[in-house]
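Enquirer: My questions will all concern the structure given below.
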Amino acid sequence: MSATDTPFDRAGDPYRVGRGRDWLSEGAGRGYVHATGHGEGGPASKRVIVGYGFWIFLLSDIVMFSAFFAAHAVLQTATAGGPSGRELFNWWSIVLQTAFLLVSSFTCGLSAVATEARSQLWTQIALLVTGLFGLAFLVLEGRDFAVMVMQGAGPDRSAFLSSLFAVVGLHGLHVSAGLLWLGTMMAQVFVKGFRPDILRRLVCFNLFWHALDIIWVALFTVVYLIGLGR
Amino acid sequence: MSHDTDRRDPGDVGPGFMDAAELTIREGIARYVIGFVLASLLTAASFYVLNTSLIWGPGIPVALVVLAIAQMGVHLVFFLHITTAPDNTNNVLALAFGVLIVALVIGGSLWIMDHLNQNMMPMHQMMQMQR
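Taken in order, these protein sequences are the chains called A and B.
Start counting at 1 in the first sequence, then tack on 168, and there's your number in this note's numbering.
Start counting at 1 in the second sequence, then tack on 260, and there's your number in this note's numbering.
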């Protein structure tokens, strides 16, 4: 196929939205490449499909979080005569948790670069550092929870505290699951090497870990910082 | 790299992939460093804004929300590699739909509950009626 067959005006639609991929490159052997949204052109490669599918899952996870956030935002002042965020929150603990999770998200990105370079050593080191910062984050969060419960400010004290423990705890559960996954990935990379299926899992794990940090940004802003101001 | 048999599509990139830009190691690291520095600055700004007198008191929550949304944007671009390039169309559309639902859930809840609170009888008045 030559360029003169191109029926669409490139200048008017530079991104070729919904018109399949650029059929001047990589067209051969892929069926009908003019297909809208790649449909009849056959499926995309497995790594794109896996990454995209996991992206959809993450977005649905974020939608679930939004419900917890909405509940907390509505109940933030419903302290039922109990302690408010201003009396409960530990400023330095929040600063440290935020810093730890941001650094771990950064080192997780570095592990992706190391994976891209197929470096077993640096991938493992970056993943290990990621996991340690994640663990430090969880320890601080667990300590904050324990202190609050011992002060009599557990989730049963007020609607404000129920929604606080729910949304922060849900994020903590995600981080815990992420840590388990991280350990599994380190073992798999070590034993199985950079096989295509392992690479796909690594991409999904990276997405998951970065998404957790995005949720934490919303969390420290809405729950802690705005909560401290109330 | 004989193990790497997964095909790479030139016109389609999953979220989180770096292969579209074909970055060198140095460029890949530089991208994460830029993202990390920007995110750190925005985080520091959020914590600073909370106790500042530079901003009118009732405006502080708005400033915090704006900073948070900016930081999420930084994370999406520099960490998750969501771009506006043509190969990212599917990812961006899915994200847009997710953002729509999140905005409906949070905005709708706050809106409705705020009106309910305003229309509700004050608590002490209700207690008196129950006596």
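Glycine is no exception: its CB is placed at the ideal position from the N, C-alpha and C atoms.
Under 9 Å between beta-carbons, which chain A residues line up against residue 275/B? List them in chain order, please.
Expert: What residue 275/B touches in chain A: 219, 220, 222, 223, 226, 371, 375.
Enquirer: Check the Cβ of residue 285/B against every Cβ in chain A and list those closer than 8 Å, keeping chain order.
Expert: Those are 281, 284, 285, listed as they occur along chain A.
Enquirer: Can you find at least 3 beta carbon pairs, one from the segment 352–368 of chain A and one from the segment 290–304 of chain A, that sit closer than 8 Å?
Expert: Output reads yes: the segment 290–304 of chain A touches the segment 352–368 of chain A.
Enquirer: Can a CB atom of chain B be found closer than 8 Å to the CB of residue 215/A?
Expert: Yes, contact with chain B.
Enquirer: Could you check the C-alpha separation between residue 339/A and residue 379/A for me, to the nearest Å?
Expert: When rounded, the distance between both Cα atoms is 11 Å.
Enquirer: Quick one: does residue 247/A have its CB under 8 Å from some CB of chain B?
Expert: It does not: the Cβ of residue 247/A has no partner Cβ on chain B nearer than 8 Å.
Enquirer: Taking Cβ positions, are residue 251/A and residue 327/A nearer each other than 8 Å?
Expert: No; because the gap between Cβ atoms is not below 8 Å, this pair is not in contact.
Enquirer: Quick one: residues in its chain with C-beta nearer than 8 Å to the C-beta of residue 173/A, no 5 flanking neighbours on either side, listed in chain order?
Expert: Confidence at residue 173/A is low in this model, with a pLDDT of 42, below 50, so the placement of that residue should be treated as unreliable; the coordinate-derived value is given next. Here the set comprises nothing.
Enquirer: What is the DSSP secondary structure of residue 204/A, reduced to helix, strand or coil?
Expert: Since pLDDT at residue 204/A reaches only 46, below the 50 mark, its modelled position is unreliable, and the value read off the structure follows with that caveat. Helix, per DSSP.
Enquirer: My assumption, with CB atoms under 8 Å, is that residue 308/A sits in contact with residue 272/A. Please give the rounded CB distance.
Expert: That belief does not hold up - the Cβ atoms of residue 308/A and residue 272/A are roughly 13 Å apart, past 8 Å.
Enquirer: Does the beta-carbon distance from residue 305/A to residue 257/A come in below 8 Å?
Expert: It is not a contact, given that the beta carbons lie outside the stated cut-off.
Enquirer: Taking Cβ positions, are residue 338/B and residue 308/B nearer each other than 8 Å?
Expert: No, the Cβ-Cβ distance between residue 338/B and residue 308/B is not below 8 Å.
Enquirer: Name the two residues that bound the continuous alpha helix (DSSP H) containing residue 341/B.
Expert: It is not in any alpha helix (DSSP H) - residue 341/B carries neither H nor E in the DSSP assignment.
Enquirer: List the whole-angstrom C-beta distance separating residue 340/B from residue 375/A, where the pair is believed to meet the contact cut-off of C-beta under 8 Å.
Expert: Contact flag correct, Cβ pair sits at about 7 Å.
Enquirer: What do you reckon, are the CB atoms on residue 241/A and residue 370/B nearer than 8 Å?
Expert: Yes, Cβ-Cβ distance for residue 241/A and residue 370/B is below 8 Å.
Enquirer: Note down the Cα distance separating residue 255/A from residue 391/A, rounded to an integer number of angstroms.
Expert: Computed Cα separation, rounded: 14 Å.
Enquirer: Buried or exposed: where does residue 284/B fall if 16 or more other Cβ atoms within 10 Å of its Cβ makes it buried?
Expert: Per the 10 Å Cβ criterion, exposed.
Enquirer: With a cut-off of 8 Å, does the C-beta of residue 262/B fall near any C-beta of chain A?
Expert: Low local confidence applies: a pLDDT of 36 at residue 262/B is under 50, so the model's placement there is unreliable, with the coordinate-based value given in what follows. Residue 262/B does not count as touching chain A.
Enquirer: Under 6 Å Cβ to Cβ from residue 275/A, same chain only, skipping five residues before and after it: list those, please.
Expert: Answer for residue 275/A: 294, 297, 298, listed in chain order.
Enquirer: Rounded to the nearest angstrom, what separates residue 245/A and residue 394/A at their Cα positions?
Expert: If you take the alpha carbons of residue 245/A and residue 394/A, they lie about 11 Å apart.
Enquirer: Going by Cα to Cα distance, which pick from 317/B, 354/B, 375/B, 347/B is closest to residue 273/B?
Expert: Of the candidates 317/B, 354/B, 375/B, 347/B, the one whose C-alpha sits nearest the C-alpha of residue 273/B is 347/B.
Enquirer: Is it right to say residue 357/B is buried, meaning 16 or more other beta carbons lie within 10 angstroms of its own, or is it exposed?
Expert: That one is exposed.
Enquirer: In chain A, which residues lie less than 8 Å from residue 321/B when you measure between Cβ atoms?
Expert: Neighbours of residue 321/B on chain A, chain order: 394, 397.
Enquirer: Check the Cβ of residue 273/A against every Cβ in chain B and list those closer than 7 Å, keeping chain order.
Expert: Per Cβ cutoff of 7 Å: 339.
Enquirer: At a Cβ threshold of 8 Å, is residue 365/B touching chain A?
Expert: Judged by the 8 Å Cβ criterion, residue 365/B is in contact with chain A.
Enquirer: Quick one: any contact between the segment 360–370 of chain B and the segment 225–236 of chain A, if contact means 3 or more CB pairs under 8 Å?
Expert: Short answer: they touch.
Enquirer: Using a Cβ-Cβ cut-off of less than 9 Å, give me the residues of the segment 321–347 of chain A that come near chain B, in sequence order.
Expert: Those would be none; no residue qualifies.
Enquirer: If we cut at 8 Å on Cβ distances, does residue 312/B have a partner in chain A?
Expert: With 8 Å as the cut-off, residue 312/B does not count as an interface residue toward chain A.
Enquirer: Tell me which residues of the segment 346–359 of chain B have at least one Cβ-Cβ distance to chain A shorter than 8 Å, keeping chain order.
Expert: Those would be 346, 349, 350, 351, 354, 355, 357, 358, in chain order.
Enquirer: Which of the three DSSP states is assigned to residue 325/A in this structure?
Expert: Three-state DSSP puts residue 325/A in coil, outside helix and strand.
Enquirer: Please report whether the beta-carbon of residue 299/B lies at a distance below 8 Å from any beta-carbon of chain A.
Expert: So yes, residue 299/B belongs to the interface.
Enquirer: What whole-angstrom Cβ distance do residue 352/B and residue 342/B have, given they're in contact under 8 Å?
Expert: Right, the Cβ-Cβ distance comes to about 6 Å (below 8 Å), so this counts as a contact.
Enquirer: Which stretch, first to last residue, makes up the alpha helix (DSSP H) that contains residue 274/B?
Expert: Counting along the chain, residue 274/B falls outside any alpha helix (DSSP H), and DSSP gives it neither H nor E.
Enquirer: Measure the C-alpha to C-alpha separation of residue 288/B and residue 378/B and round it to an integer number of angstroms.
Expert: Distance between the alpha carbons of residue 288/B and residue 378/B: 52 Å.
Enquirer: For residue 263/A, would you say it is in contact with chain B, using Cβ-to-Cβ distances shorter than 8 Å as the test?
Expert: Judged by the 8 Å Cβ criterion, residue 263/A is in contact with chain B.
Enquirer: Under a Cβ-count criterion, where at least 16 other Cβ atoms within 10 Å of its own Cβ denotes burial, should residue 331/A be classed as buried or exposed?
Expert: With 16 or more Cβ atoms within 10 Å of its Cβ, residue 331/A is classed as buried.
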